[in-house]
Structures are given as structure tokens and as C-alpha cells.
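K.L.:
This note's numbering applies: residue 669 is where the sequence shown begins, and numbers increase by one. For each residue, glycine too, the CB sits at the ideal point set by N, CA and C. Small disclaimer: the values here were computed from a predicted structure and weren't measured. This is the structure I want to talk about, given as C-alpha cells.
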Amino acid sequence: MPGDAPGGRAVGGGCVRAAMPASSLVVRASCGGLLTGAATGSRWRALPGLRSALREWRTGARPPRSPRRPAGRRPGLHPHLASNARSRRGAAAAADGLRSRWEERMDGDGSEPHLVVAAGGALETAFLPQRLFALRADHAVRVSVALSARALDFVTTTALRGVTGREVYVRNDQWAGAVPMHLALRRADLLLLAPATARILAACATGLVDDAPTRLFAFTPKERVVVAPALHPHLDRRIYAPHLERLAELGCAIVGGEDRFASWADARDAVVARLGLRRRPVGSGPTLLESLAGAAEAGGEDP
């Protein structure tokens with residue numbers, strides 16, 4: 669037991685005078701903390717640990733401090749959670765590498781022809797990501813996509829951004845940097861309306877501009893437009909035939925025979941012929957994993 673001496677020593681964040689007899693120490697455990705104070709009515713103070721405080725008071729030796737947390741570890745983070753966080757950072761770095769290789773393979777030096785595909789709301793639109801991926805895997809071409817509001821019921825912009833590496837044009841007020849999106853895309857080498865639904869055909873033929881595909885069509889030179897109609901087989905031909913004739917008069921190329929609607933093979937062959945696309949060497953095209961890495965950058969839907 670220490671004798672009476674002036675002054676005091678710190679105990680677990682508080683202060684207990686060495687001259688204080690043991691009988692005057694009142695110890696109470698409350699809510700996991702230690703409360704000490706003199707019997708004369710000094711105010712209570714909360715201390716972190718009962719055993720640690722008693723050992724310090726009796727021996728005068730301060731218990732060893734707990735080792736400092738390792739650098740880079742957040743307080744209270746379980747080691748397994750810290751390991752998962754490191755794994756996520758590693759996966760993000762790997763995705764960045766795949767995305768860079770994807771862009772290098774797909775865009776090359778930027779001299780490849782630029783194709784814009786404008787799609788309406790039809791079942792064929794659901795297959796657009798797979799078809800564009802196959803087109804870019806086989807041919808050196810850059811692809812951008814414009815979608816109508818109904819087309820978003822069949823496909824997501826995340827999937828299309830993954831296979832094209834570019835923002836999808838879905839709103840009339842979208843911008844590409846300092847230029848409106850429709851003015852930026854009008855400089856493309858070719859505009860393909862596929863699938864061109866009855867509503868898109870009627871809007872383009874009559875000059876109605878009410879969504880992204882029709883606005884893009886209005887600003888694009890018609891000599892650089894290919895139309896692939898996608899109409900219901902029981903639709904009265906007399907209704908849409910005048911629209912197709914009007915589009916042909918404007919200079920658009922219409923693919924597909926008169927007795928059938930255009931298939932994707934018809935549209936693809938027309939694009940390859942009009943742009944003079946060269947086929948990629950075997951094995952030089954992108955892989956599906958690289959395409960998924962490109963989609964990881966989206967993280968969600970475009971606004």
C-alpha cells in the first residue's frame with residue numbers, strides 16, 4: 669500500500685490521489701464502466717476498466733497500452749471485412765485493366781467507321797446487345813446507340829454501354845461534352861434505323877421529332893441513313909407503304925424485300941457494304957469478359 673504523499677497520479681483517464689486510503693475508495697461498476705470518488709462527496713468519474721484501475725492503484729504501475737492498430741485498417745473493421753475490402757479494390761483494378769484492353773481492341777486508333785444504331789420499341793430490340801457485340805467482334809467499327817422511350821422496355825442502357833463503350837442516347841436534352849448529343853452523332857458515317865417500328869417510320873416520314881431516334885434522323889443527311897423496317901406481319905401494307913416511299917425519296921436506303929420485313933442479317937449486310945468494313949483477324953476481337961468489364965463502368969442506368 670502506498671503511503672501518504674502529496675500530488676496524485678492519473679488512473680485510466682481520471683486522477684486518484686496517492687494519499688487517499690483504501691477505505692475511502694468507492695468502486696461501483698455501472699454500464700460497463702468504473703466509477704470512483706472520495707467518500708467526502710467528490711464528483712463521480714467514469715473510468716474504462718475495474719481490474720486495470722485497481723492494479724494501478726495498488727502497484728503504482730500503469731498497465732501496458734494496447735498496440736496501435738495497423739496502418740490502413742479502419743477502426744472496428746473485422747479482419748475478414750478488411751480482406752473483402754482489399755479483394756474489392758483488386759477486382760476494381762482488374763476491371764480497369766480489362767476495360768482498357770477492351771477500348772484498345774474495339775476502337776483501335778479511332779480511324780474505324782462510326783455507326784449509329786437507332787432502335788424503336790420492338791422485340792428485336794432485346795437482341796441488340798448480342799448482335800452489336802458480334803458485329804464489333806467480327807468487324808472494326810465504332811458503334812453508338814439511340815433508343816426510343818418504348819425501346820427501354822426491351823433493353824437496358826447498361827447492356828448497350830457494355831458492348832459499345834459509349835453513352836446511350838435516350839433523351840432529347842442529352843449532351844456529349846459541350847455539344848448536344850444529336851449534333852455529335854449526326855457526324856457518324858452511317859445511321860441505321862433498326863428495328864424501325866411503324867411509329868418511327870411514320871414520324872421520320874412526316875417530320876415528327878418526339879424522341880432520340882427521330883431527332884437524330886431529322887439532323888442526319890439522308891444519304892447516310894439505312895432503314896430496316898420491323899412491322900407486324902398482319903399490318904395493312906397500305907398504311908406504311910407511303911412512309912417507306914417517302915423515306916426512299918429523301919435518299920434513305922430501305923433494306924428487306926417487299927414481301928417480308930428486314931431481318932438483322934439484312935441490316936448487317938447493308939452496314940458492312942455501305943461502310944466497307946474490314947473483318948478483324950481471327951482472335952483479335954474482344955472477349956465477353958472484356959465486354960462485361962466495360963459495362964462495370966456504368967454501374968446503373970443512364971439518367
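Less than 6 angstroms between C-beta atoms, sequence neighbours within five positions excluded: which residues of the same chain meet that for V809?
P.N.:
Here residue 809 is taken as the residue at index 141 of the sequence shown, counted from 1. Closer than 6 angstroms at the Cβ level, and outside the excluded window around V809, lie E780, P781, L783 and L945.
K.L.:
Where does D821 sit, in a helix, a strand or coil, going by DSSP?
P.N.:
One-based indexing of the sequence shown puts residue 821 at position 153. In this structure, D821 counts as helix in the three-state DSSP scheme.
K.L.:
Could you tell me which of C872, V838 and D878 sits nearest to A819, measuring between CA atoms?
P.N.:
As a working note, residue 819 is residue 151 in the sequence shown. Among C872, V838 and D878, the Cα nearest to that of A819 belongs to V838.
K.L.:
Quick check on this structure: which residue in A870, L851, A886 and P863 has the alpha carbon closest to the alpha carbon of L796?
P.N.:
Walking along the sequence shown from the start, residue 796 turns up at place 128. It is P863.
K.L.:
Fully enclosed by the segment 783-866, which alpha helix (DSSP H) runs are 4 residues long or longer?
P.N.:
Complete alpha helix (DSSP H) runs here, min 4: 796-806, 825-832 and 849-853.
K.L.:
Need the endpoints of the beta strand (DSSP E) that V877 sits in, please.
P.N.:
In the sequence shown, residue 877 corresponds to position 209, counting from 1. Run containing V877: none; DSSP gives neither H nor E here.
K.L.:
If you reduce the DSSP assignment to three classes, tell me which class R948 lands in.
P.N.:
Sequence index remark: in the sequence shown, residue 948 carries index 280 (1-based). Three-state DSSP puts R948 in coil, outside helix and strand.
K.L.:
Can the beta-carbon of T882 be found less than 8 angstroms from the beta-carbon of A871?
P.N.:
Position 214 of the sequence shown, counted from the first residue, corresponds to residue 882. Position 203 of the sequence shown, counted from the first residue, corresponds to residue 871. Against a cut-off of 8 angstroms, the Cβ pair of A871 and T882 comes out as a contact.
K.L.:
Does the beta-carbon distance from G807 to R942 come in below 8 angstroms?
P.N.:
Taking the sequence shown and counting its residues from 1, one reaches residue 807 at position 139. Taking the sequence shown and counting its residues from 1, one reaches residue 942 at position 274. The sequence given here has His at residue 807, not Gly. Contact flag unset, no.
K.L.:
Between the beta-carbon of R892 and the beta-carbon of L853, is there less than 8 angstroms?
P.N.:
Your numbering for residue 892 matches position 224 in the sequence shown. Your numbering for residue 853 matches position 185 in the sequence shown. The answer is no: Cβ separation not under 8 angstroms.
K.L.:
Please tell me whether L861 and Y908 are closer than 8 angstroms, where the distance is taken between their beta carbons.
P.N.:
Stepping through the sequence shown from its first residue, residue 861 is reached at position 193. Stepping through the sequence shown from its first residue, residue 908 is reached at position 240. Not in contact: L861 and Y908 (Cβ atoms no closer than 8 angstroms).
K.L.:
Rounded to whole angstroms, what's the CA-CA distance from E638 to T874? Just pull it up for me.
P.N.:
Missing from the structure shown is residue 638; the chain here goes from 669 to 971 and no further.
K.L.:
Are S812 and R834 touching if we call contact CB-CB under 8 angstroms?
P.N.:
Taking the sequence shown and counting its residues from 1, one reaches residue 812 at position 144. Taking the sequence shown and counting its residues from 1, one reaches residue 834 at position 166. In contact: S812 and R834 (Cβ atoms closer than 8 angstroms).
K.L.:
Please give the ranges of any beta strand (DSSP E) in the segment 897-943, keeping only runs that are unbroken, at least 3 residues long and fully inside the region.
P.N.:
Correct list: empty.
K.L.:
Hey, how far is the Cα of A790 from the Cα of A856?
P.N.:
Position 122 of the sequence shown, counted from the start, is the residue given in the question as residue 790. Position 188 of the sequence shown, counted from the start, is the residue given in the question as residue 856. Cα to Cα, A790 sits roughly 24 angstroms from A856.
K.L.:
Taking its Cβ as the centre, do 16 or more other Cβ atoms sit within 10 Å of A880, making it buried, or is it exposed?
P.N.:
By one-based count along the sequence shown, residue 880 stands at place 212. So A880 ends up on the buried side.
K.L.:
Please report the Cβ distance between V894 and V939, rounded to the nearest whole angstrom; I am assuming they are in contact, meaning their Cβ atoms lie under 8 angstroms.
P.N.:
Along the sequence shown, read from residue 1 onward, the residue named residue 894 stands at position 226. Along the sequence shown, read from residue 1 onward, the residue named residue 939 stands at position 271. Correct: roughly 7 angstroms between the Cβ atoms.
K.L.:
Would you say A846 and A814 are within 8 angstroms of each other, going by their C-beta atoms?
P.N.:
Walking along the sequence shown from the start, residue 846 turns up at place 178. Walking along the sequence shown from the start, residue 814 turns up at place 146. Cβ atoms of A846 and A814: not closer than 8 angstroms.
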